[in-house]
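Numbering (the working numbering), first residue to last: 24 to 98.
What follows is one structure encoded as C-alpha coordinates, with my remarks underneath.
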(Lines of atoms letter the chains of each structure in order from A and count residues from 1; the text may use other names and numbers.)
(Lines give C-alpha, C1' and ligand atoms only; values in the text may rest on other atoms or scores of the structure.)
Protein backbone atom coordinates (compact mmCIF):
# COMPACT_ATOMS: atom_id res chain seq x y z
CA UNK A 1 0.00 0.00 0.00
CA UNK A 2 2.94 2.36 0.49
CA UNK A 3 3.61 2.31 -3.25
CA UNK A 4 0.16 3.69 -4.03
CA UNK A 5 0.73 6.61 -1.68
CA UNK A 6 3.89 7.56 -3.60
CA UNK A 7 1.94 8.20 -6.82
CA UNK A 8 1.15 11.88 -7.08
CA UNK A 9 0.58 14.48 -9.78
CA UNK A 10 -2.12 15.58 -12.13
CA UNK A 11 -4.31 13.11 -13.92
CA UNK A 12 -4.90 15.67 -16.70
CA UNK A 13 -2.21 14.04 -18.84
CA UNK A 14 -3.84 10.64 -18.47
CA UNK A 15 -7.22 12.15 -19.25
CA UNK A 16 -5.92 13.82 -22.38
CA UNK A 17 -4.22 10.62 -23.44
CA UNK A 18 -7.55 8.86 -23.25
CA UNK A 19 -9.30 11.79 -24.95
CA UNK A 20 -6.80 11.71 -27.84
CA UNK A 21 -7.92 8.23 -28.84
CA UNK A 22 -11.21 9.55 -30.25
CA UNK A 23 -9.70 12.20 -32.54
CA UNK A 24 -7.07 9.71 -33.67
CA UNK A 25 -9.77 7.31 -34.77
CA UNK A 26 -11.75 10.20 -36.28
CA UNK A 27 -8.83 11.35 -38.44
CA UNK A 28 -8.37 7.79 -39.66
CA UNK A 29 -12.03 7.55 -40.61
CA UNK A 30 -11.96 10.92 -42.41
CA UNK A 31 -8.95 10.02 -44.55
CA UNK A 32 -10.19 6.47 -45.18
CA UNK A 33 -13.50 7.85 -46.42
CA UNK A 34 -11.71 10.30 -48.71
CA UNK A 35 -9.55 7.55 -50.18
CA UNK A 36 -12.59 5.34 -50.71
CA UNK A 37 -14.58 8.14 -52.34
CA UNK A 38 -11.68 9.03 -54.63
CA UNK A 39 -11.17 5.39 -55.58
CA UNK A 40 -14.83 5.04 -56.48
CA UNK A 41 -15.07 8.31 -58.45
CA UNK A 42 -11.68 9.82 -59.29
CA UNK A 43 -13.25 12.83 -61.00
CA UNK A 44 -14.79 13.98 -57.71
CA UNK A 45 -11.42 14.16 -55.91
CA UNK A 46 -11.34 17.97 -55.99
CA UNK A 47 -14.79 18.29 -54.44
CA UNK A 48 -14.28 15.69 -51.74
CA UNK A 49 -10.83 17.06 -50.84
CA UNK A 50 -12.50 20.17 -49.44
CA UNK A 51 -14.74 18.08 -47.22
CA UNK A 52 -11.75 15.99 -46.13
CA UNK A 53 -9.85 19.03 -44.89
CA UNK A 54 -12.99 20.40 -43.25
CA UNK A 55 -13.56 17.12 -41.40
CA UNK A 56 -9.89 16.95 -40.42
CA UNK A 57 -10.04 20.49 -39.00
CA UNK A 58 -13.17 19.73 -36.96
CA UNK A 59 -11.69 16.54 -35.52
CA UNK A 60 -8.43 18.27 -34.61
CA UNK A 61 -10.34 21.15 -33.02
CA UNK A 62 -12.03 18.64 -30.75
CA UNK A 63 -8.60 17.26 -29.80
CA UNK A 64 -7.40 20.76 -28.93
CA UNK A 65 -10.52 21.31 -26.83
CA UNK A 66 -9.69 18.09 -24.99
CA UNK A 67 -6.22 19.28 -24.05
CA UNK A 68 -7.52 22.75 -23.11
CA UNK A 69 -10.17 21.29 -20.82
CA UNK A 70 -7.52 19.02 -19.30
CA UNK A 71 -5.47 22.05 -18.30
CA UNK A 72 -8.45 24.12 -17.18
CA UNK A 73 -10.22 21.51 -15.11
CA UNK A 74 -7.14 19.53 -14.01
CA UNK A 75 -5.94 20.59 -10.59
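No residue lacks a Cβ here, since even glycine has one placed at the ideal position from N, Cα and C.
Keep in mind it's a predicted model, so treat the numbers as computed, not measured.
The continuous alpha helix (DSSP H) containing residue 86 extends over residues 68–96.
For residue 59, the enclosing alpha helix (DSSP H) has its first and last residue at 44–63. In the structure shown, residue 34 falls within a coil segment according to DSSP collapsed to helix, strand and coil.
One Cα belongs to residue 88, the other to residue 57, and the distance between them is close to 25 Å. Linking residue 82 to residue 46 through their CA atoms gives a straight-line distance of about 6 Å.
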